[in-house]
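Residue numbers (this note's numbering), protein chains in the order written: chain E, 26 to 392; chain A, 26 to 392.
Every residue gets a Cβ at the ideal spot worked out from N, C-alpha and C, and that includes glycine.
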């Protein structure tokens, strides 16, 4: 459907007539289609952004390896393993592309992008730490590779290196932004710990958690690009808002994907959050919209973590039944809309287009 | 003995005659006596330093409480518990007294001393993290109160707050010193993790570990006092060296006390390091000086952690037999001597005297 009908392929009149005749379901699909680049016939992608910063990312990777060096061999080993395994480099790409968007000409964005990646990696390592109680329940997160202590200490090392990179850069404003982000991230993580396994958690508390643990670093990473380019406050705030909203959408979709049947079909792991009893928006919505019997199910499975083999399927069914996945995606779409508007003040161009496409890509992952 | 004979109470001639006639044991006691303040008849103490910085420490405590504030209630709770329980405040006192020694007049030392305490507390929290393997062996450190995850995340929060305090202060030089210290501390902790339970660890590796995990923050804390007072490099380096040597002596004595019979008599906990299989200098010396049977004992107890009720007593006996405790104290005394000489460039006065007394106090704890 979404590849056949798109506003840009019809003239306005045709489009209005066609739109009015659609079922609500088709209208929803049409709205989805607006985030698809019809003209090129491809789904929104992170690739244009990757292409724009490709050279810079090479420099960043080189700096990351240099700064992970230590006479204590375990440090480059562990950190190298983590960094090598480490996904899309979305956060450093935000710093690099924000700097480009602001017309920045120097080299400071390289080290600061590395710094953002160090903070992110340190957070990941610390997130992998397993609680005694989890172990006693016989649970282990999928990520446990190195042991708690090594995860903590190598994380600390990367975190310190991040600050050394900032100090080397020498901007107190950058230091202020990233040290505040670090404090908010840590606060968000503690907050998440407190809401874990608590089905009473509401949507507002959940939003605070993901704002802290995910969106804050996205917003800081983007803002730093404007700071080093010495751009006025309005542009700094715009990039901060862009990063914040992208981060919120990104985490909402991540949390939706963890219960997604499509995701499971693609052979990707689902149910991690469920097994850990993380209280994410799909669960919050399904719990609140459910009857007493359903709530008892959630209390048993995510609060008391008494789970059997069929429970994940039941959880997915309940979430689907209450439209909790679609509504989580709809919430994400709200934030991508706000994020897109935040970029309005910048002139059109390839960097702006690539950033907007990242917003679209972020939600499109859910389909 | 040490209160009856002391060099300052005899004239030189008398002293030499008296010294020659002493038994080796008495000579050793006499050497100990030189670190005792004979004239006032009291043991070296940290009290003069405490008195000198008492007012400043009040301000520091107030700032610590302010900066621990967070809407996430667990953070002030946990951090408050840790800070309230938190000992002598030796590290922030170093910053405060170093600033005094350098004639500093402003208020910046208050926040920076709080910052040093935050870094220290964060390190303590992260040090409390228990490894999965420890739990599987049924071991638990005495310190486990809050759970791994909370320890890590509240530690991260304190660490971030420390950087926010530094950024608020605004000196890139201070930021450089303390971010480097943080990286070295983390490196030292990883290094310690690697030497844990490894009886092959030599004295050099042990020294690197305690330099990182303990002495580095002492030296940074002291150096910062000179930096804010805008003193020349020679004074900064002197305070750095004083802190470094104090830290090394402090940790050596701590490691000796963990096997000390006197310590046990005072009702204080001993044997923590032994139970965890930490390889500290008393063990390194006893292991290397021991015969094959003794080495087998150490391998079983601290390497494989197969321990029974009598093993701590055996460990203490072997350490005593090889003079490993006395020699650990002797090593500490070497560092206090170097630390004392580092302060030579400063004019005599109550602050310098108090800092020297802290060196003496540090070793005197072992007796």
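Is the Cβ of residue 198 (chain E) closer than 7 Å to any Cβ of chain A?
Along the first chain, one-based indexing puts residue 198 (chain E) at 173. Cβ-Cβ to chain A under 7 Å: no for residue 198 (chain E).
Mind the definition here: the segment 331-343 of chain A touches the segment 355-373 of chain A only if three or more C-beta pairs lie below 8 Å; say whether that holds.
They do not touch, by the three-pair rule.
Consider the Cβ of residue 145 (chain E): report whether some Cβ of chain D lies at a distance smaller than 7 Å.
Checking the listed chains, one finds no chain D in this structure; the protein chains it contains are E and A.
What is the DSSP secondary structure of residue 67 (chain E), reduced to helix, strand or coil?
One-based indexing of the first chain puts residue 67 (chain E) at position 42. It is a strand residue.
How many Å lie between residue 309 (chain A) and residue 81 (chain E) at the Cα?
On the second chain, position 284 is the one that residue 309 (chain A) refers to. On the first chain, position 56 is the one that residue 81 (chain E) refers to. Straight-line Cα distance between these residues: approximately 49 Å.
Using the Cα positions of residue 365 (chain A) and residue 194 (chain A), report the straight-line distance between them to the nearest angstrom.
The residue given as residue 365 (chain A) occupies position 340 in the second chain. The residue given as residue 194 (chain A) occupies position 169 in the second chain. Roughly 30 Å between the two C-alpha positions.
Relative to the C-alpha of residue 9 (chain E), which candidate in A:214, A:263, A:381 and A:187 has its C-alpha closest?
Since the first residue of chain E shown is 26 and the last is 392, residue 9 (chain E) is not available in this structure.
Give me the Cα-Cα distance between residue 52 (chain E) and residue 346 (chain E), rounded to the nearest whole angstrom.
Working through the first chain from its first residue, we reach residue 52 (chain E) at position 27. Working through the first chain from its first residue, we reach residue 346 (chain E) at position 321. Per-residue confidence for residue 52 (chain E) stands at a pLDDT of 48, beneath the threshold of 50, marking its modelled position as unreliable; the derived number appears in the next sentence. When rounded, the distance between both Cα atoms is 20 Å.
Should residue 190 (chain E) be labelled buried (16 or more other beta-carbon atoms within 10 Å of its own) or exposed?
Along the first chain, one-based indexing puts residue 190 (chain E) at 165. Looking at its Cβ environment, which holds 16 or more other Cβ atoms inside 10 Å, residue 190 (chain E) is buried.
Cβ of residue 240 (chain E) within 7 Å of Cβ of residue 391 (chain E)?
Indexing the first chain from 1 puts residue 240 (chain E) at position 215. Indexing the first chain from 1 puts residue 391 (chain E) at position 366. Contact: no.
May I ask you to report which of helix, strand or coil DSSP gives residue 224 (chain A)?
Working through the second chain from its first residue, we reach residue 224 (chain A) at position 199. Coil at residue 224 (chain A), not helix or strand.
Specify the secondary structure class of residue 345 (chain E) as computed by DSSP and reduced to three states.
By 1-based counting over the first chain, the position of residue 345 (chain E) is 320. Correct three-state label for residue 345 (chain E): helix.
Using the C-alpha atoms, what's the distance from residue 236 (chain A) back to residue 272 (chain A)?
Counted from its first residue, the second chain places residue 272 (chain A) at position 247. Counted from its first residue, the second chain places residue 236 (chain A) at position 211. Looking at the two C-alpha atoms, the distance is approximately 8 Å.
Does the beta-carbon of residue 73 (chain A) have 16 or more other beta-carbons within 10 angstroms, so that it is buried, or is it exposed?
Here the question's residue 73 (chain A) lines up with position 48 in the second chain. Residue 73 (chain A) should be labelled buried.
At a Cβ threshold of 7 Å, is residue 211 (chain E) touching chain A?
Start at 1 with the first residue of the first chain, and residue 211 (chain E) comes out as number 186. For residue 211 (chain E), the answer is yes, since a Cβ of chain A falls inside 7 Å of its Cβ.
Could you check how far apart the C-beta atoms of residue 139 (chain E) and residue 85 (chain E) are, in whole angstroms? I think they sit under 8 Å.
Numbered from 1 along the first chain, position 114 holds the residue referred to as residue 139 (chain E). Numbered from 1 along the first chain, position 60 holds the residue referred to as residue 85 (chain E). Rounded, the Cβ-Cβ distance is 5 Å, consistent with contact.
When the Cα atoms are used, what is the spatial distance from residue 354 (chain E) to residue 386 (chain E)?
Walking along the first chain from the start, residue 354 (chain E) turns up at place 329. Walking along the first chain from the start, residue 386 (chain E) turns up at place 361. The alpha-carbon atoms of residue 354 (chain E) and residue 386 (chain E) are separated by roughly 12 Å.
For a minimum of 4 consecutive residues, which ranges assigned as the alpha helix (DSSP H) are wholly contained in the segment 71-96 of chain A?
Here the runs fully enclosed are 72-77 and 79-92.
Is the Cβ of residue 208 (chain E) closer than 7 Å to any Cβ of chain A?
If you number the first chain from 1, residue 208 (chain E) lands on position 183. So, interface residue.
For the segment 221-254 of chain A, list every residue whose C-beta sits within 7 Å of some C-beta in chain E, in sequence order.
Residues passing the 7 Å Cβ filter: none.
I want to verify the contact list: residues of chain E whose CB lies under 9 Å from the CB of residue 214 (chain A), in sequence order.
Taking the second chain and counting its residues from 1, one reaches residue 214 (chain A) at position 189. Neighbours of residue 214 (chain A) on chain E, chain order: 174, 177, 178, 181 and 182.
At a CB-CB cut-off below 7 Å, which residues of chain E make contact with residue 189 (chain A)?
Taking the first residue of the second chain as position 1, residue 189 (chain A) is located at position 164. Per Cβ cutoff of 7 Å: 204, 205 and 208.
Just to check my reading of the structure: residue 214 (chain E) and residue 178 (chain A) have Cβ atoms closer than 8 Å, yes? What is that Cβ distance to the nearest angstrom?
Position 189 of the first chain, counting from 1, holds the residue named residue 214 (chain E). Position 153 of the second chain, counting from 1, holds the residue named residue 178 (chain A). About 5 Å separates the two Cβ atoms, so the contact holds.
Between the Cα of residue 76 (chain A) and those of A:384, A:229, A:192 and A:379, spot the shortest distance and give me the residue it belongs to.
As a first step, residue 76 (chain A) must be located in the second chain, where it is residue number 51. Among A:384, A:229, A:192 and A:379, the Cα nearest to that of residue 76 (chain A) is on A:379.
My output table needs one value for residue 381 (chain A): the three-state DSSP class, helix, strand or coil.
The sequence position of residue 381 (chain A) within the second chain is 356, counting from 1. Note: residue 381 (chain A) maps to helix in three-state DSSP.
Please report whether the beta-carbon of residue 195 (chain E) lies at a distance below 7 Å from any beta-carbon of chain A.
The residue given as residue 195 (chain E) occupies position 170 in the first chain. Yes - at least one Cβ of chain A is within 7 Å of the one on residue 195 (chain E).
Spatial neighbours of residue 247 (chain E) within its chain, please: C-beta separation below 6 Å, excluding the five flanking residues on both sides.
Numbered from its first residue, the first chain carries residue 247 (chain E) at position 222. Correct list, in chain order: 119, 123, 264, 267 and 268.
Could you give the distance in angstroms between the alpha-carbon of residue 376 (chain A) and the alpha-carbon of residue 253 (chain A)?
By 1-based counting over the second chain, the position of residue 376 (chain A) is 351. By 1-based counting over the second chain, the position of residue 253 (chain A) is 228. For residue 376 (chain A) and residue 253 (chain A), the distance between alpha carbons rounds to 17 Å.
Using a cut-off of 8 Å between C-beta atoms, extract the partners of residue 151 (chain A) located in chain E.
Locating residue 151 (chain A) in the second chain gives position 126, where the first residue counts as 1. Neighbours of residue 151 (chain A) on chain E, chain order: 177, 178 and 181.
What are the residues in the segment 93-104 of chain A lying within 7 Å of chain E by C-beta distance?
Correct list: 95, 97, 99 and 100.
Taking Cβ-Cβ distances shorter than 7 Å, what residues in chain E pair up with residue 192 (chain A)?
As a first step, residue 192 (chain A) must be located in the second chain, where it is residue number 167. Within 7 Å Cβ-Cβ: 197, 200, 201 and 204.
If you scan the segment 215-269 of chain E from start to end, which runs of the alpha helix (DSSP H) of 4 or more residues do you find wholly inside it?
Correct list: 228-235 and 241-253.
Alpha carbon to alpha carbon, what distance is there between residue 222 (chain A) and residue 313 (chain A)?
Indexing the second chain from 1 puts residue 313 (chain A) at position 288. Indexing the second chain from 1 puts residue 222 (chain A) at position 197. Computed Cα separation, rounded: 15 Å.
Report yes or no: is there a C-beta of chain E within less than 7 Å of the C-beta of residue 185 (chain A)?
Indexing the second chain from 1 puts residue 185 (chain A) at position 160. Residue 185 (chain A) counts as touching chain E.
Assuming residue 140 (chain A) is part of the alpha helix (DSSP H), what are its boundary residues?
On the second chain, residue 140 (chain A) is found 115 positions in, with the first residue counted as 1. Note, residue 140 (chain A): alpha helix (DSSP H), 133-152.
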